[in-house]
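J.: Quick one: this structure, given as structure tokens, is what I'll be asking you about.
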Amino acid sequence: MRHFLADDDLSPAEQAQVLDLAAELKAAPYDAKPLAGPRTVAMIFDKQTLRTQASFAAGIAELGGHPMLVDGALAGIGVRESVHDVAKVLGRQASMIVWRTYAQSRLEEMAEHAGVPVVNALTDDFHPCQLLADLLTIREHKQRLAGLSVAFVGDGACNMGNSWLLAGATAGMHVRLSSPEGYAPDREMVERAAAIAAQTGGSATLEPNPVTAVTGADVVVTDTWISMGKEDEAAARAAVFAPYSLTSRLLAHAADDAIVLHCLPAYRGKEIDAEVLDGPQSVVWDEAENRRHAQKAILTFLLEAR
Ligand code: NVA
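Going by our numbering, the sequence shown opens with residue 23, and the numbers climb by one from there.
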């Protein structure tokens, strides 16, 4: 039984295979029906969502399946009943489970007991479906991944920072993470990415100076400074992160043909300026659309790998 809980659950070859499949599914969105029946995929949200719910629901329908929305607040997973019991129950109703939650350990426990593939739709630690969409988008605009340099500027300790390290390294990219002191990813995560990069020819490094990180980059990425669950730190974070704002001035240090990614939701004037997010180098709407194609590909891959 295969699951997709973290970016490095896919080997470099498997990641490339999933991205190829995503491109095929994007070209012919209504041809493949691996969920015909329709088979049900449970989507559980313990945190807010827009793109993830919309893209999974649309994608599951396109694959011939039925998206079953489970409201995390109503289900009270871990409060009203244990993760173990929810896994046992949903595993009898659904062919796969897609879950957005807090601790990665909750997702791991679900995967252990569900008896069906489990997909990470964002945890505190990782956002691997987003990264598949990001890589698909970069491939579309740059025709390759390996060897490209990516600068991630902002909260390196959040799910997106970790996922960029692992997924970028898996793709053979050179990932440079630039964060203020105290907001860098754990050393263990950097080492985990560096070990992958040693096999793929990529690299994973921390570069506290945002100008140095962005200089010459092919891809520049940022994310909100205040991830879901960190709302009470908003004021303190705004001050610390200000020098890491993705402005036109900072972007000017990147390669002339650099593209800008942001997983959204975006806060214009905070982590990214409006003229960058809405400017000619931004590919964020392609990126948002590609959630659907990438997720259809990972669902299909997991179904076939069972
Ligand atoms: N790091 C952000 C990503 C949102 C899609 C968060 O966890 O809120």
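Just so you know, even glycine gets a beta-carbon here, dropped at the ideal spot from N, CA and C. Quantities reported herein were computed from a predicted structural model and do not represent experimental measurements.
Could you tell me if the beta carbon of N142 falls within a distance shorter than 7 Å of some heavy atom in the ligand NVA?
T.: No; taking the cut-off as 7 Å, the Cβ of N142 has no heavy atom of the ligand NVA nearer than that.
J.: Taking only heavy atoms of the ligand NVA into account, decide whether any of them is closer than 7 Å to the Cβ of D147.
T.: No - the ligand NVA has no heavy atom lying nearer than 7 Å to the Cβ of D147.
J.: Determine the direct distance from the alpha carbon of T237 to that of N231, and round the result to whole angstroms.
T.: N231 and T237: Cα-Cα distance of roughly 10 Å.
J.: Measuring from the CB of S249, is there a heavy atom of the ligand NVA at a distance below 7 Å?
T.: Correct: S249 has its Cβ closer than 7 Å to the ligand NVA.
J.: Report the residue from W186, L170, A168 whose alpha carbon sits nearest the alpha carbon of G176.
T.: Cα-wise, what sits closest to G176 is W186.
J.: Residues in its own chain within less than 6 Å of S171 by CB, not counting five upstream and five downstream?
T.: Taken in chain order, the residues that qualify are H196, A239, D240.
J.: Going by beta carbon distance, what residues of the same chain come within less than 8 Å of V92, once the five residues before and after it are set aside?
T.: Closer than 8 Å at Cβ, skipping near neighbours: A64, M65, I66, F67, L112.
J.: Is it buried or exposed for R19, if we count other Cβ within 10 angstroms and need 16 for buried?
T.: For residue 19 there is no data in the structure shown, the boundaries of the chain being 23 and 328.
J.: Identify which residue in E255, G194, F323, L72 has its Cα closest to the Cα of R122.
T.: Out of E255, G194, F323, L72, L72 has the C-alpha closest to the C-alpha of R122.
J.: Counting only runs of 3+ residues fully inside the stretch 102 to 170, write out the beta strand (DSSP E) ranges in chain order.
T.: Qualifying beta strand (DSSP E) stretches, in chain order: 118 to 122, 140 to 142.
J.: Tell me whether the beta-carbon of L299 lies closer than 8 Å to the beta-carbon of H275.
T.: Cβ distance not < 8 Å, so L299 and H275 don't count as in contact.
J.: Helix, strand or coil for S267? Go by DSSP, reduced to three states.
T.: If DSSP states are grouped into helix, strand and coil, S267 belongs with coil.
J.: Compute the distance between the beta-carbons of H135 and K110, then report whether it is under 8 Å.
T.: Contact flag set, yes.
J.: State yes or no: is the C-beta of L85 within less than 8 Å of the C-beta of K318?
T.: Yes, they are a contact pair.
J.: For the alpha helix (DSSP H) containing R290, list its first residue and its last residue.
T.: That residue, R290, is in no alpha helix (DSSP H); it is neither H nor E in DSSP.
J.: Three or more C-beta pairs closer than 8 Å, one from the stretch 308 to 324 and one from the stretch 201 to 212: is that the case here?
T.: Not touching, per the Cβ criterion.
J.: Going by CA-CA distance only, name the one from I281, A80, A58 that's closest to S304.
T.: Comparing Cα positions, the closest option is I281.
J.: Please state if the CB of R209 and the CB of A173 are separated by a distance shorter than 8 Å.
T.: No, the Cβ-Cβ distance between A173 and R209 is not below 8 Å.
J.: Does the Cβ-Cβ distance between L144 and A189 come in under 8 Å?
T.: Not closer than 8 Å, so no.
J.: When the distance is taken between beta carbons, is R328 closer than 8 Å to M132?
T.: Not in contact: M132 and R328 (Cβ atoms no closer than 8 Å).
J.: List in chain order: all unbroken beta strand (DSSP E) runs of 3+ residues lying wholly within the stretch 300 to 325.
T.: Correct list: empty.
J.: With 16 other CB atoms within 10 Å as the buried threshold, where does L96 fall?
T.: With fewer than 16 other Cβ atoms within 10 Å, it is exposed.
J.: Counting C-beta neighbours from all protein chains within 10 Å, is the total for G194 16 or more, i.e. buried, or is it exposed?
T.: Buried, because 16 or more other Cβ atoms sit within 10 Å of the Cβ of G194.
J.: Between K48 and E311, what straight-line distance do the alpha-carbon atoms span, to the nearest angstrom?
T.: Spanning the two alpha carbons is a distance of roughly 10 Å.
J.: If the criterion is Cβ atoms closer than 8 Å, does the pair H2 and M182 meet it?
T.: This structure cannot settle anything about residue 2, because the visible part of the chain is limited to 23 through 328.
J.: Since F78 and V120 are thought to touch, with beta carbons under 8 Å apart, how far apart are those beta carbons, to the nearest angstrom?
T.: Yes, F78 and V120 are in contact; Cβ-Cβ is about 6 Å, under 8 Å.
J.: Contact defined as beta carbons within less than 8 Å: I believe A12 pairs with A277. What is the distance between those atoms, to the nearest angstrom?
T.: No statement about residue 12 is possible, as the shown extent of the chain runs from 23 to 328 and does not include it.
J.: Can we count M182 as close to the ligand NVA, meaning its CB is less than 7 Å from some heavy atom?
T.: M182: yes, Cβ under 7 Å from the ligand NVA.
J.: My assumption, with CB atoms under 8 Å, is that P60 sits in contact with G100. Please give the rounded CB distance.
T.: Going by Cβ atoms, the distance from P60 to G100 rounds to 29 Å, so no, they are not a contact pair.
J.: Since I248 contacts L268 with CB under 8 Å, what's their CB separation in whole angstroms?
T.: That pair is no contact at about 15 Å.
J.: Are L273 and V242 close, meaning C-beta to C-beta below 8 Å?
T.: Cβ atoms of L273 and V242: closer than 8 Å.
J.: Kindly indicate which three-state DSSP category M65 falls into: helix, strand or coil?
T.: Strand, per DSSP.
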